[in-house]
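Read through the structure below, which is laid out as structure tokens, and then see the notes.
2 protein chains.
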Amino acid sequence: MNKPEFNKLQLLPEEELNIRLSRLRGLMSTAGIDAILISSNANIYYLTGRVFCGYIFIPVEGEPLYGVRRPTVLKDEHAAAIRKIEELPPLTGFTCGTLGLEMSSTVYSTVVRIEKAFGDAFIYRDASGVLAQARAVKTEFELEKIRISGIKQTRLYERIPKLYEPGMRDIDLQIEIERMARREGCLGQFRINGDDMELFMGNILVGDNADSPSPYDFAMGGAGLDPSIPVGADGSLIRQGESIMVDVNGNFTGYMTDMTRCFSLRDDLPQRAIDAHNLSIAICDRFAEEGRPGTEAKALYEMCRLMAVDAGFENEFMGHRQHAGFVGHGLGIEINESPVIAPRSKSILEAGNVIALEPKFVIPGVGAVGIENTYVVKPEGPMECVTHAPREIISFE
Amino acid sequence: MNKPEFNKLQLLPEEELNIRLSRLRGLMSTAGIDAILISSNANIYYLTGRVFCGYIFIPVEGEPLYGVRRPTVLKDEHAAAIRKIEELPPLTGFTCGTLGLEMSSTVYSTVVRIEKAFGDAFIYRDASGVLAQARAVKTEFELEKIRISGIKQTRLYERIPKLYEPGMRDIDLQIEIERMARREGCLGQFRINGDDMELFMGNILVGDNADSPSPYDFAMGGAGLDPSIPVGADGSLIRQGESIMVDVNGNFTGYMTDMTRCFSLRDDLPQRAIDAHNLSIAICDRFAEEGRPGTEAKALYEMCRLMAVDAGFENEFMGHRQHAGFVGHGLGIEINESPVIAPRSKSILEAGNVIALEPKFVIPGVGAVGIENTYVVKPEGPMECVTHAPREIISFE
Numbered sequence: 006m007n008k009p010e011f012n013k014l015q016l017l018p019e020e021e022l023n024i025r026l027s028r029l030r031g032l033m034s035t036a037g038i039d040a041i042l043i044s045s046n047a048n049i050y051y052l053t054g055r056v057f058c059g060y061i062f063i064p065v066e067g068e069p070l071y072g073v074r075r076p077t078v079l080k081d082e083h084a085a086a087i088r089k090i091e092e093l094p095p096l097t098g099f100t101c102g103t104l105g106l107e108m109s110s111t112v113y114s115t116v117v118r119i120e121k122a123f124g125d126a127f128i129y130r131d132a133s134g135v136l137a138q139a140r141a142v143k144t145e146f147e148l149e150k151i152r153i154s155g156i157k158q159t160r161l162y163e164r165i166p167k168l169y170e171p172g173m174r175d176i177d178l179q180i181e182i183e184r185m186a187r188r189e190g191c192l193g194q195f196r197i198n199g200d201d202m203e204l205f206m207g208n209i210l211v212g213d214n215a216d217s218p219s220p221y222d223f224a225m226g227g228a229g230l231d232p233s234i235p236v237g238a239d240g241s242l243i244r245q246g247e248s249i250m251v252d253v254n255g256n257f258t259g260y261m262t263d264m265t266r267c268f269s270l271r272d273d274l275p276q277r278a279i280d281a282h283n284l285s286i287a288i289c290d291r292f293a294e295e296g297r298p299g300t301e302a303k304a305l306y307e308m309c310r311l312m313a314v315d316a317g318f319e320n321e322f323m324g325h326r327q328h329a330g331f332v333g334h335g336l337g338i339e340i341n342e343s344p345v346i347a348p349r350s351k352s353i354l355e356a357g358n359v360i361a362l363e364p365k366f367v368i369p370g371v372g373a374v375g376i377e378n379t380y381v382v383k384p385e386g387p388m389e390c391v392t393h394a395p396r397e398i399i400s401f402e
Numbered sequence: 006m007n008k009p010e011f012n013k014l015q016l017l018p019e020e021e022l023n024i025r026l027s028r029l030r031g032l033m034s035t036a037g038i039d040a041i042l043i044s045s046n047a048n049i050y051y052l053t054g055r056v057f058c059g060y061i062f063i064p065v066e067g068e069p070l071y072g073v074r075r076p077t078v079l080k081d082e083h084a085a086a087i088r089k090i091e092e093l094p095p096l097t098g099f100t101c102g103t104l105g106l107e108m109s110s111t112v113y114s115t116v117v118r119i120e121k122a123f124g125d126a127f128i129y130r131d132a133s134g135v136l137a138q139a140r141a142v143k144t145e146f147e148l149e150k151i152r153i154s155g156i157k158q159t160r161l162y163e164r165i166p167k168l169y170e171p172g173m174r175d176i177d178l179q180i181e182i183e184r185m186a187r188r189e190g191c192l193g194q195f196r197i198n199g200d201d202m203e204l205f206m207g208n209i210l211v212g213d214n215a216d217s218p219s220p221y222d223f224a225m226g227g228a229g230l231d232p233s234i235p236v237g238a239d240g241s242l243i244r245q246g247e248s249i250m251v252d253v254n255g256n257f258t259g260y261m262t263d264m265t266r267c268f269s270l271r272d273d274l275p276q277r278a279i280d281a282h283n284l285s286i287a288i289c290d291r292f293a294e295e296g297r298p299g300t301e302a303k304a305l306y307e308m309c310r311l312m313a314v315d316a317g318f319e320n321e322f323m324g325h326r327q328h329a330g331f332v333g334h335g336l337g338i339e340i341n342e343s344p345v346i347a348p349r350s351k352s353i354l355e356a357g358n359v360i361a362l363e364p365k366f367v368i369p370g371v372g373a374v375g376i377e378n379t380y381v382v383k384p385e386g387p388m389e390c391v392t393h394a395p396r397e398i399i400s401f402e
């Protein structure tokens with residue numbers, strides 16, 4: 006964080022802020038929303054380039070108003086220091102209209118308090134979808150941050166084989182990967198939208214632990230080390246003939262990339278696992294080719310699924326004992342953004358979408374195989390891949 | 006996670022479950038709530054000893070009903086596999102009554118959907134307070150988990166001086182502490198109640214970075230490495246004459262302890278910093294002595310504050326440029342539980358409360374000093390401290 010900007014609230018360049026506001030206002034107009042009130046960290050970061058505790062009030066016409074609770078030192082010509090939400094409405098100059106709130110990411114009691122503060126003259130609407138739509142199309146400024154995360158995450162993945170030592174359990178390797186990630190500049194914070202999802206630094210799955218179902222809506226599971234956080238590494242020894250899948254946090258810039266690679270102790274996984282892994286690479290390549298502006302997300306899901314079915318991997322596609330209901334997901338500030346590549350997704354791809362595709366397979370007795378890459382939808386031509394580590398199964402020894 | 010229990014939903018011993026249910030039902034009766042519907046990970050863990058994705062319906066009289074979405078393999082005589090909330094109400098046998106929901110930890114749109122699923126014959130109430138009250142009094146089973154976390158966290162803190170190497174920045178030391186914590190069994194997950202708070206593995210503050218205010222409602226701040234997560238280490242070099250405050254994640258068992266200790270490069274911090282540190286130790290000792298069942302939390306806050314004021318540290322108490330509004334907080338499954346030791350707290354201490362007290366001081370030009378310990382309120386006598394690392398400022402060289 007640049008010290009001179011320490012007290013500055015708005016860290017986005019003016020031109021960048023205008024691009025984002027303009028897109029958001031267009032979507033607000035279409036949705037019939039006169040103003041939006043934002044308080045989530047993810048959306049505050051999107052609209053200022055920093056996290057603060059407070060609110061942003063964005064009218065369709067006119068300047069945004071920043072109501073800052075903490076830190077109190079933040080300065081901006083449109084900022085007001087407030088202690089509580091009740092102080093904000095008089096400052097907005099609005100006394101009625103349709104007010105959009107983050108109803109799908111703010112707790113119930115807070116939304117009720119906001120509605121009470123603004124009063125009965127307003128009509129309240131869920132603006133979560135509008136904000137998600139705005140954020141789903143990344144600007145060049147955002148894509149640069151994503152590309153930098155991709156470069157750093159790639160460097161991390163290339164070093165993973167050197168971190169292995171004989172006798173390691175999954176968690177031992179994970180701890181060394183976590184350390185290397187942090188040394189490479191990983192910020193640690195793994196932002197997830199919604200109440201239910203929890204994950205620490207990522208997921209390392211060895212052998213049949215990949216077939217342990219988890220409560221969380223991730224592509225893969227794992228039993229975890231404790232029933233209080235039942236996902237990921239479970240203490241399995243890294244053994245010959247089993248796969249090691251690594252899917253760890255790619256937040257190096259405030260914007261995340263998502264990448265998965267597979268390893269083995271020696272170059273000796275069963276042919277069926279190797280076939281499934283190569284199929285995953287083929288699905289990614291086909292996806293990158295077919296994902297253009299105007300493509301339906303659900304059609305892409307079906308294309309991926311059919312490739313798995315046609316190759317005889319229907320039962321192992323996206324899990325074996327438990328199957329994930331998607332094969333890819335948008336990402337950026339949060340790990341689960343729009344569009345989702347799923348059977349009933351209503352999304353249609355747009356240039357600037359950033360999508361992690363993770364066609365994975367769980368092969369009983371071997372473990373999880375397959376890769377995950379992060380792709381950018383381009384105005385023309387195939388998608389741009391921003392995660393570049395070698396795609397084949399790399400052996401440690 | 007014990008493999009035989011892999012498919013078992015209810016991991017709490019029957020007697021333990023009955024203690025928790027009995028306390029919760031008593032509080033529900035007092036609040037006039039006929040049944041509670043739970044879906045947050047923290048409360049599901051509290052009532053089953055594991056996290057799953059779904060719901061627990063707990064009537065004041067009768068058995069709890071578990072509605073399980075994921076993982077689908079979970080078995081229990083009172084469990085039903087459901088795909089969505091709309092399938093649950095018919096299974097409960099209830100058609101009307103007062104239904105308590107987690108309105109202060111569930112997003113607005115989810116609460117609205119639950120209310121629609123149960124229908125207009127129910128009256129809906131916020132049961133967040135009732136659940137917080139239940140969880141604020143720990144059972145012996147829970148206290149054992151907290152004591153184990155305390156022992157492991159203590160072992161971690163005792164090793165910190167050995168992790169220092171000349172030329173380290175705050176973040177370099179933090180990364181080595183994170184690794185050591187994970188090797189000691191830290192689960193990583195740092196559960197926080199509420200929308201706004203974010204922290205990765207903990208907070209290392211060196212020198213004047215301790216005086217950089219943060220948006221988050223933690224006792225101390227720090228500028229952080231990136232404006233997307235502006236808290237904690239900012240890349241400051243560890244230098245002679247400045248304090249190093251370490252406050253890292255104590256979740257080793259699903260239940261957290263919270264401990265802070267201070268270090269210096271050599272044994273040469275200015276006397277005013279040493280005085281403030283010793284005052285923090287004295288405040289902790291006094292707190293442990295005075296904190297008995299029946300004591301008002303706000304009286305304890307005032308006692309701590311007055312000790313700081315009387316010693317001439319009013320301006321540095323709980324921050325310098327920005328001051329935290331509390332000196333201690335309950336903790337357990339989450340880092341911010343009841344009771345809070347704050348000026349307007351309405352809590353009265355009960356035996357079984359677990360409270361982290363963190364009387365800290367920011368001395369300009371030196372950094373943060375003071376300690377934090379986790380205490381258990383006992384039925385009689387002074388509080389039990391469960392965090393045992395040496396309390397004085399330890400020098401690295």
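Chains as they are written, first to last, in the numbering used here: chain H, 6 to 402; chain S, 6 to 402. Beta carbons are placed, not taken as given, at the ideal position from N, Cα and C, and that holds for glycine. From a predicted model like this one, the values you see are computed outputs, not experimental measurements.
### Query
Buried or exposed: where does P76(S) fall if 16 or more other Cβ atoms within 10 Å of its Cβ makes it buried?
By one-based count along the second sequence, residue 76(S) stands at place 71. Burial call: buried.
Q: Report the rounded CA-to-CA distance for E170(H) versus E189(H), giving the unit in angstroms.
A: As a working mapping, residue 170(H) is identified with position 165 in the first sequence. As a working mapping, residue 189(H) is identified with position 184 in the first sequence. Approximately 20 Å, taken between the alpha carbons.
* Asked: Where DSSP assigns a beta bridge to N378(S), which residues make up the other side?
  -> Numbered from its first residue, the second sequence carries residue 378(S) at position 373. Note: N378(S) sits in a beta bridge opposite L362(S).
- Task: Let me know if V381(S) comes out buried or exposed under the rule of 16 or more other beta-carbons within 10 Å of its beta-carbon.
- Result: Here the question's residue 381(S) lines up with position 376 in the second sequence. V381(S) is buried by the Cβ-count criterion.
Query raised in the report: N254(H) and M206(H) look like a contact to me (Cβ under 8 Å); what is the Cβ gap, rounded to whole Å?
Result: Residue mapping note: residue 254(H) aligns to position 249 of the first sequence, counting from 1. Residue mapping note: residue 206(H) aligns to position 201 of the first sequence, counting from 1. That pair is a contact at about 5 Å.
Which of the three DSSP states is assigned to T262(S) in this structure? Taking the second sequence and counting its residues from 1, the one referred to as residue 262(S) is at position 257. Residue state, collapsed to three classes: strand.
Chain-ordered chain S contacts of R291(H) [CB-CB under 7 Å]: Counted from its first residue, the first sequence places residue 291(H) at position 286. The contacting residues do not exist; R291(H) stays about 29 Å from chain S at best.
Note to self: Can you give me the C-alpha to C-alpha distance between D200(S) and Y221(S), rounded to a whole angstrom?
What the structure shows: Start at 1 with the first residue of the second sequence, and residue 200(S) comes out as number 195. Start at 1 with the first residue of the second sequence, and residue 221(S) comes out as number 216. Whole-angstrom Cα-Cα distance: 11 Å.
- Just reading off the alpha helix (DSSP H) that N46(H) is part of, what are its end residues? Position 41 of the first sequence, counted from the first residue, corresponds to residue 46(H). Unbroken alpha helix (DSSP H) run through N46(H): N46 to T53.
### Message
Using CA atoms only, rank isn't needed, just tell me which of I61(S), A47(S) and K157(S) is closest to A137(S).
### Response
What you label residue 137(S) is simply residue 132 of the second sequence in a count that begins at 1. When only C-alpha atoms are compared, the closest one is A47(S).
*Cβ pair T392(S), L354(S) closer than 7 Å*: Within the second sequence, the letter at position 387 stands for residue 392(S). Within the second sequence, the letter at position 349 stands for residue 354(S). Not in contact: T392(S) and L354(S) (Cβ atoms no closer than 7 Å).
Less than 8 Å between C-beta atoms, sequence neighbours within five positions excluded: which residues of the same chain meet that for K13(H)? As a first step, residue 13(H) is located in the first sequence; it is residue number 8 there, counting from the start. The answer, listed in chain order, is L79, K80 and D81.
_Selection from E147(H), K89(H), Q327(H) and S133(H) that minimises the alpha carbon distance to K121(H)_ = By 1-based counting over the first sequence, the position of residue 121(H) is 116. Measuring from the Cα of K121(H), the nearest candidate turns out to be K89(H).
Residue(s) in a DSSP beta bridge with S281(H):
Mapped onto the first sequence, residue 281(H) falls at position 276. The question names Ser, but residue 281(H) in the sequence shown is Ala. Answer is none; A281(H) lacks a bridge partner.
| Does any CB atom of chain H fall closer than 7 Å to the CB of R174(S)? | Within the second sequence, numbered from 1, the residue matching residue 174(S) stands at position 169. Residue-level contact check: R174(S) does not touch chain H, since none of the beta carbons of chain H fall below 7 Å from its beta carbon.
- Task: Given a cut-off of 7 Å, decide if I376(H) and T265(H) are closer than it, judged by their beta-carbon atoms.
- Result: Reading the first sequence from its first residue, position 260 is the one you call residue 265(H). Reading the first sequence from its first residue, position 371 is the one you call residue 376(H). It is a contact, given that the beta carbons lie within the stated cut-off.
Check your understanding: Counting only beta-carbon atoms, is P9(S) nearer than 7 Å to chain H?
Key -> Position 4 of the second sequence holds residue 9(S). Legend: pLDDT at P9(S) = 48, less than 50; position of this residue unreliable, value from coordinates given subsequently. Not one chain H Cβ lies under 7 Å of P9(S).
Relative to the ligand NAD, is the shortest distance from any of its heavy atoms to the C-beta of C309(S) smaller than 6 Å?
Absence of the ligand NAD from the depicted structure is noted, as is the absence of any ligand whatsoever, leaving it without description.
How many whole angstroms separate the CB atoms of S343(H) and G335(H), which I take to be in contact at a CB cut-off of 8 Å? The count along the first sequence starts at 1 and reaches residue 343(H) at position 338. The count along the first sequence starts at 1 and reaches residue 335(H) at position 330. Contact holds; Cβ gap of about 5 Å.
Fill in: Beta-carbon contacts of S34(S) that lie in its chain and below 7 Å, excluding the five residues immediately before and after
Against the second sequence, residue 34(S) aligns to sequence position 29. For S34(S), where only same-chain residues beyond five positions count, the Cβ hits under 7 Å are V65.
Exercise. Can you give me, in chain order, the residues of the region 44–73 of chain S that have a beta carbon less than 7 Å from any beta carbon in chain H?
Key: S45, N46, Y50, G54, R55, V56, F57 and C58
If you draw a straight line from the C-alpha of P395(H) to the C-alpha of P387(H), how long is it? Position 390 of the first sequence, counted from the first residue, corresponds to residue 395(H). Position 382 of the first sequence, counted from the first residue, corresponds to residue 387(H). In a straight line, the C-alpha of P395(H) is about 20 Å away from that of P387(H).
| request: Tell me whether the beta-carbon of V211(H) lies closer than 7 Å to the beta-carbon of D175(H). | output: Against the first sequence, residue 211(H) aligns to sequence position 206. Against the first sequence, residue 175(H) aligns to sequence position 170. A contact, by the Cβ cut-off of 7 Å.
Proximity test, Cβ basis, 7 Å: P235(S) and chain H: For the purposes of this step, residue 235(S) is identified with residue 230 of the second sequence, where counting begins at 1. Yes, P235(S) counts as interfacial toward chain H.
- Task: List the residues that DSSP assigns as beta-bridge partners of I41(S).
- Result: Taking the second sequence and counting its residues from 1, the one referred to as residue 41(S) is at position 36. DSSP, once it has assigned bridges, lists I63(S) and G105(S) as partnering I41(S).
Checklist line | Beta-carbon gap between E402(H) and Q194(S) smaller than 7 Å | finding: Numbered from 1 along the first sequence, position 397 holds the residue referred to as residue 402(H). Numbered from 1 along the second sequence, position 189 holds the residue referred to as residue 194(S). Cβ atoms of E402(H) and Q194(S): not closer than 7 Å.
Check your understanding: Can you name the residues of chain S whose CB is closer than 8 Å to the CB of V431(H)?
Key -> Within the shown structure, residues of chain H are numbered from 6 to 402, placing residue 431(H) beyond reach of any answer.
**Asked** Should L311(S) go down as buried or exposed, given a rule of 16 or more other Cβ atoms within 10 Å for buried?
**Response** To locate residue 311(S), count along the second sequence from 1; it is residue 306. The residue in question, L311(S), is exposed, as its Cβ has fewer than 16 Cβ neighbours within 10 Å.
Which residues in chain S have a C-beta closer than 7 Å to the C-beta of M206(H)? List them in chain order. As a first step, residue 206(H) is located in the first sequence; it is residue number 201 there, counting from the start. Within 7 Å Cβ-Cβ: G193.
Taking only beta-carbon positions, decide if D125(S) is within less than 7 Å of chain H. Translated into the one-based positions of the second sequence, residue 125(S) becomes position 120. D125(S) does not count as touching chain H.
Would Y306(H) and I346(H) qualify as a contact pair, given that the criterion is a beta-carbon distance under 7 Å? Mapped onto the first sequence, residue 306(H) falls at position 301. Mapped onto the first sequence, residue 346(H) falls at position 341. Going by C-beta atoms, Y306(H) is nearer than 7 Å to I346(H).
Count the other CB atoms, across all protein chains shown, that sit within 10 Å of the CB of P18(H); report buried if there are 16 or more and exposed otherwise.
The count along the first sequence starts at 1 and reaches residue 18(H) at position 13. Answer is exposed; the Cβ neighbour count stays below 16.
Can you name the residues of chain S whose CB is closer than 8 Å to the CB of L42(H)?
For this step, residue 42(H) is matched to residue 37 along the first sequence. Going along chain S, no residue has its Cβ under 8 Å from L42(H), so there is no contact; the nearest lies around 13 Å.
*If you pair each beta-carbon of the region 359–366 of chain H with each one of the region 312–325 of chain H, do three or more pairs fall below 8 Å?*
Contact holds: three or more Cβ-Cβ distances are below 8 Å.
(request) Report the rounded CA-to-CA distance for K303(H) versus S154(H), giving the unit in angstroms. (result) As a first step, residue 303(H) must be located in the first sequence, where it is residue number 298. As a first step, residue 154(H) must be located in the first sequence, where it is residue number 149. Cα-Cα distance, rounded: 28 Å.
Quiz item: Which of the three DSSP states, helix, strand or coil, is assigned to C191(H)?
Solution: Within the first sequence, the letter at position 186 stands for residue 191(H). Here C191(H) carries a coil assignment [DSSP, helix/strand/coil].
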